[in-house]
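*Asks:* Add 1 to a position in the sequence shown, counting from 1, and you land on the number used in my numbering.
We put the CB at the ideal spot given by N, CA and C, even for glycine.
Here the structure is a predicted model, which is why all the values come from computation and not from measurement.
Okay, handing you the structure first.
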Amino acid sequence: MPAVDSTEAVRAVLTDGSVVTVRPLEPGDLAELERLHGTLSTEDRYFRFFGAPSESAVKRFAQKLVETGDAHVVALGVFTGQLLIGVGHFEVVIPEVAEVAFLVEHARHARGVATLLLEYLVAAARRRGVRAFLAEVLAANSAMLRVLRDSGLQYDARLDGSSYQVRIALDSGEPYYARVSDRERVADVASLRRVLCPASVAVVGASHRASAVGNALLCNIIQGGYTGTIYAVNRRGGDVHGLTAFRSVADLPEPPEMAVLCVPADSVPDVAEECGRRGVRALAVVAAGITGKPIVVDGLLTAVRRWGMRLVGPNCLGVVNSDPAVRLDATFSAAGIPEGEVGIATQSGGVGIALLEKLDDVGLGVSTLVSTGDKYDVSGNDMLLWWERDARTRIGVLYLESFGNPRKFAWLARRIGRTKPLIVLRSGASPIAQQAALSHTAATATPRSSRDALLRQTGAIGVDDLEELAAVLCVLSWQPLPTGPRVAVISNAGGLGVLAADACAQAGLEFAVLQQAERELAELLPKEASVRNPVDTTATIDEAAFGRSVELVLRDPAVEAVVVPVLQTAVSNPAAILADTVARARADGCDKPVLAVHAGQRESLISLAAGEIRVPMFADTTLAARALADVTGYARWLARPQGAVPDLPHIDVAAARRLVAEALARTPEGGWLEPDAVQELLAAFGLPTVPSTVCNTEAAARAAFNELGGSVVLKAQAEGLVHKGRAGGVVLAVSTVAELRAGWARLRNRFGTGFHGVVVQPMVEPGREFLVGVLSEPSFGPIVVFGMGGTDTDLIADRSRRLVPLTTRDAQDMLHELRAAPQLFGPRPDRPLDVDTVIDVLLRTARMAELLPEVAEADLNPVIVTEQGVRIPDARIRLEPHEPEDPFIRKLRV
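The structure is reproduced here in structure tokens:
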């Protein structure tokens with residue numbers, strides 16, 4: 002997000018769905034500010050000024066707000082077009098405390114203008130080090146009191162005569178972000194109604210040629226049964242698909258709520274400007290070839306910003322809403338729109354068409370589809386907000402070649418995933434795929450490890466191809482979620498059963514040890530059958546006996562899911578009775594997922610039906626196992642405690658920020674902190690560092706040694722020295738002055754003229770060595786890394802990652818994702834470790850990364866863990882200048 006005290010404007014949405022601009026007030030806004038004050042009612046003027054000020058007093062006040070030279074004052078305005086409809090400002094009165102006030106045009110009350118201003122003022126104030134707002138509000142001004150009370154910030158109001166003295170703490174956390182997100186959801190859904198539920202649609206570029214996109218798109222809208230008003234715009238006029246074509250948007254009898262632009266790229270800016278002037282509220286730009294043409298891009302965005310329109314695309318397939326009350330198919334897909342419960346957001350139009358065809362093949366349908374294309378405005382995050390409120394959407398599917406705001410995605414997906422599964426079709430894993438994504442949608446490709454960490458954090462199901470996506474959709478749509486990973490395989494063909502068992506094991510599923518079912522199967526099946534999991538009934542039993550066998554396995558308490566590979570023989574066709582078998586078990590309360598496999602079928606996936614019960618049947622055991630493992634992972638995520646971002650004690654944020662500011666003042670370009678500064682910064686976040694003394698002379702080293710007493714470590718300080726242990730820059734177990742002198746000489750000789758001295762530390766009790774790090778990635782922001790540490794950390798490469806903010810659950814998961822986790826943190830570890838303290842280190846490191854965006858890189862290695870606790874003897878931190886951003890603030894992409 003651009004800084005709100007810069008000259009760049011930001012667009013946002015009010016609760017009624019209207020798009021406004023938030024920006025700092027400038028001297029050129031004085032006349033508009035005076036006009037706004039002139040429109041105030043007597044009551045509003047009294048609430049604002051606690052009386053009836055003179056016109057000259059109002060003018061002096063307005064003049065102060067537009068002056069840009071006062072570093073203590075920040076004044077923001079909310080504009081609709083060029084019209085100023087709200088003002089919010091704060092003035093720093095004492096260090097870290099500012100007075101705040103608001104003014105909103107009376108006709109715009111109750112639309113969220115003041116709340117939006119408050120959010121932006123909070124972000125601006127926190128960047129300036131302001132920790133609290135003060136406000137004096139008349140007791141009669143209930144609307145303003147409600148804005149402050151409902152903000153989600155810590156709020157304290159004290160009645161003093163006829164007014165309240167209000168103090169608002171700006172150290173925002175989870176409750177505040179939750180309120181901001183709730184407000185964004187209301188506003189975003191209201192604005193997206195113009196995109197997904199428009200009362201009228203105009204197709205601009207509705208060609209007479211049947212082969213043209215505009216012709217096909219208009220045909221789809223008509224044949225799809227759109228319930229609103231349809232307009233065709235063609236500069237030559239005439240009739241297109243039975244509609245009279247208007248020569249321009251300006252000629253339309255009314256402003257359409259949405260316009261779909263199917264015109265050449267170079268014409269898009271002029272048409273967008275005409276649409277905005279006519280009163281169009283949303284655009285879907287199908288045209289490709291816009292991104293990469295700066296003049297065309299600027300023209301389109303200028304029109305969108307000037308007229309407050311939402312924008313889908315450019316370079317997109319269009320939008321779909323299958324709701325019977327809307328029936329909008331504004332795409333050029335030939336697949337038709339099967340109605341259903343799957344919401345789709347895709348950057349690629351081709352992937353969108355393929356998804357529609359795949360859903361139709363398996364008997365599923367869509368609730369909504371938005372092809373975001375080059376994603377100038379409407380994005381996957383917008384669709385998450387829509388699906389959360391849309392009762393018709395039961396499952397969300399996203400194909401994203403980049404994440405515009407990963408931290409907001411993580412926040413939204415984690416919340417929405419609790420009630421609606423989200424499936425992400427992964428892309429861009431290889432360098433070739435990354436380059437293809439870049440050229441296809443001008444997207445910044447997402448690093449694979451960070452993307453996968455994001456999915457694990459949110460509970461979203463990541464799939465690698467359309468076949469796996471369709472398989473997971475069918476299992477989620479037709480089967481209950483498993484309660485755990487224990488699977489049983491039962492087949493009438495032993496070889497297929499073995500293949501299915503192998504596929505399940507490779508997918509990470511566990512094999513149930515049958516309890517009561519094994520005995521019952523032995524009584525039912527022939528002697529040559531195998532009644533242990535995987536169960537082989539043999540091919541000689543009839544359909545009734547096979548169905549009974551499946552029921553017995555389903556009812557076994559050790560089993561949480563069942564895979565049933567079958568073949569049709571001359572004796573029986575088990576697939577014919579499988580759906581009825583599952584229906585009987587379901588009716589008796591046995592609610593476990595069942596997946597069938599029929600290796601001989603031509604289609605990769607079909608369904609077996611018995612009434613409303615549908616059982617997915619796959620042609621491939623591997624695909625069935627992958628789908629079951631994907632759904633099991635989601636069920637496990639749902640069942641676990643959510644965790645929370647804890648309120649960590651002993652953190653001195655002010656001291657940490659001062660240290661960072663001082664370091665960047667000395668080296669504005671950034672760089673690695675000196676060891677003593679690293680110690681101070683880590684200590685400010687309560688991290689358990691080992692006391693260190695930087696010594697530039699041998700005499701200073703001797704003094705430090707004498708003060709510490711006992712055994713110490715010498716660590717070289719040398720030009721360009723990064724990995725001290727690997728470079729021979731560490732001398733351990735120095736216990737005498739003679740050993741200290743020898744160690745000093747050894748290090749000085751090794752590093753020559755680059756040698757600057759040593760760091761002296763007490764020896765630390767040996768323990769298990771880990772790495773805790775921070776890496777700031779352009780696409781994702783701060784990433785916390787945990788893994789095996791020491792000098793071999795890169796060789797071992799056993800690591801886990803998470804985005805900030807880090808919850809307690811995230812930190813625990815990071816420990817158990819290591820390949821070595823069973824030996825380190827399992828029920829019987831190879832040595833006792835203080836796991837709670839490791840988690841605390843992860844949480845504190847994450848908080849440092851979250852609160853100090855200037856930390857571009859941090860390397861705490863080794864983090865030495867014993868049964869008694871954790872010590873950090875060595876760490877490096879690199880700073881870069883960084884404009885602080887609030888990823889959760891409400892704003893549109895353009």
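1) What's the gap between the Cα of His38 and the Cα of His73?
2) Where does Thr582 land, buried or exposed, given buried means 16+ other C-beta within 10 angstroms?
3) Could you tell me the distance, in whole angstroms, from the CA atom of Ser450 to the CA atom of Gly364?
4) Which residue from Asp887, Leu467, Val560, Arg877 puts its Cα closest to that of Leu682?
5) Should Asp330 go down as buried or exposed, given a rule of 16 or more other Cβ atoms within 10 Å for buried?
6) Excluding the 5 residues flanking Arg747 on each side, which residues of the same chain have their C-beta closer than 8 Å to its C-beta?
7) From the DSSP output, read off the bridge partner residues of Gly758.
8) Look at the Cβ atom of Ala562, then the Cβ atom of Asn493, and state whether they are nearer than 8 Å.
9) Rounded to whole angstroms, what is the Cα-Cα separation between Pro763 and Val714?
10) Which of helix, strand or coil does DSSP assign to Ala246?
11) Under the three-state reduction of DSSP, which class applies to Gly39: helix, strand or coil?
12) Rounding to the nearest angstrom, what Cα-Cα distance links Gly130 and Tyr400 in this structure?
13) Measuring only the C-alpha atoms, how far is His90 from Glu274?
14) Could you pull the DSSP bridge partners for His90 from this structure?
15) Using CA atoms only, rank isn't needed, just tell me which of Gly52, Leu34, Val856, Val94 is closest to Glu778.
16) Along the chain, where does the beta strand (DSSP E) that runs through Met789 open and close?
17) Go ahead and label Gln718 buried or exposed: buried means 16 or more other beta carbons lie within 10 angstroms of its beta carbon, across all protein chains shown.
18) Using only the alpha-carbon positions, how far apart do Phe686 and Ala678 sit?
19) Once you ignore the five residues that flank Asp537 on each side, which residues in its own chain have a CB closer than 7 Å to its CB?
20) Between which residues of its own chain and Met657 is the CB-CB distance below 8 Å, once the five residues before and five after are set aside?
21) Under a Cβ-count criterion, where at least 16 other Cβ atoms within 10 Å of its own Cβ denotes burial, should Gln348 be classed as buried or exposed?
22) Is it buried or exposed, His599, if we count other Cβ atoms within 10 angstroms and call 16 or more buried?
23) What are the residues that DSSP puts in a beta bridge with Ser531?
24) Ignoring anything shorter than 4 residues, give me the alpha helix (DSSP H) runs that lie fully in the stretch 242–313, in order along the chain.
25) Compute the Euclidean distance between the alpha carbons of Thr694 and Asp653, then round it to the nearest angstrom.
26) Straight-line CA distance for Leu665 to Gln680?
27) Counting contacts by CB-CB distance shorter than 8 Å, is Val379 in contact with chain B?
28) If contacts are defined as beta-carbon pairs under 8 Å, then Pro256 and Arg279 qualify, I think. What distance do you get, rounded to the angstrom?
29) Using DSSP with H/G/I as helix, E/B as strand and the rest coil, what is Ala443?
30) Enumerate in chain order the residues of its own chain whose CB-to-CB distance from Gln824 is below 7 Å, with the five nearest sequence positions on each side excluded.
31) Note down, in chain order, each residue of its chain lying with its Cβ closer than 6 Å to the Cβ of Ala203, except the 5 sequence neighbours on either side.
32) Have a look at the DSSP bridge pairing and note the partners of Tyr165.
33) Among the candidates Leu356, Gly351, Ile417, whose CA atom is the shortest distance from the CA of Asn382?
34) Can you tell which of Met789, Ile95, Asp299, Tyr121 has its C-alpha closest to the C-alpha of Pro25?
35) Under 8 Å, with one C-beta from each stretch per pair, do the stretch 244–251 and the stretch 303–320 reach the 3-pair mark?
36) Taking the beta carbon of Glu604 as the centre, do at least 16 other beta carbons fall within 10 Å, making it buried, or is it exposed?
*Replies:* On the basis of the coordinates in this document:
1) Near 23 Å, if we compare the C-alpha coordinates of His73 and His38.
2) With 16 or more other Cβ atoms within 10 Å, it is buried.
3) In this structure, the alpha-carbon of Ser450 lies about 34 Å from that of Gly364.
4) Among Asp887, Leu467, Val560, Arg877, the Cα nearest to that of Leu682 is on Arg877.
5) Asp330 should be labelled buried.
6) The residues are Val732.
7) In DSSP, Gly758 forms a bridge with Gln718.
8) In this structure, Ala562 sits away from Asn493, with a CB-CB distance that is not shorter than 8 Å.
9) Rounded to whole angstroms, Pro763 to Val714 spans 6 Å at the Cα level.
10) DSSP places Ala246 in the strand class (E or B) of the three-state scheme.
11) Residue state, collapsed to three classes: helix.
12) Taking the straight line joining both Cα atoms gives about 39 Å.
13) One C-alpha to the other measures close to 32 Å.
14) BP columns for His90 point to Ala76, Ala102.
15) The shortest Cα separation from Glu778 among Gly52, Leu34, Val856, Val94 belongs to Val856.
16) Residues 782–789.
17) Answer is buried; the Cβ neighbour count reaches 16.
18) Cα to Cα, Phe686 sits roughly 13 Å from Ala678.
19) Hits under 7 Å: Ser492, Gly495, Gly498, Ala530, Ser531.
20) In the sequence under discussion, the amino acid at residue 657 is Ala, which differs from the Met named in the question. Same-chain partners within the cutoff: Leu682, Ala685, Phe686, Met849, Leu852, Leu853.
21) Gln348 comes out buried.
22) It counts as buried.
23) As computed with DSSP, Ser531 is found in a beta bridge with Asp537.
24) As far as the stretch 242–313 is concerned, its whole alpha helix (DSSP H) runs of at least 4 residues are 269–279, 295–308.
25) Approximately 22 Å, taken between the alpha carbons.
26) For the pair Leu665 and Gln680, the Cα-to-Cα distance works out to about 17 Å.
27) In the structure shown, chain B cannot be found, because there is only a single protein chain.
28) Pro256 to Arg279, Cβ: 5 Å. Contact.
29) Note that Ala443 scores a pLDDT of 36, beneath 50, so its modelled location is shaky and nothing firm can be said.
30) In its chain, beyond the 5 residues on either side, Pro830, Asp831 have a beta carbon closer than 7 Å to the beta carbon of Gln824.
31) Result list for Ala203: Tyr232, Val234, Pro257, Ala260, in chain order.
32) Per DSSP, the beta-bridge partners of Tyr165 are Val138, Leu160.
33) Selected option, being the one with the closest Cα: Ile417.
34) Of Met789, Ile95, Asp299, Tyr121, the residue nearest in Cα terms is Tyr121.
35) Not touching, per the Cβ criterion.
36) By the neighbour-count definition (other C-beta atoms within 10 Å, threshold 16), Glu604 is an exposed residue.
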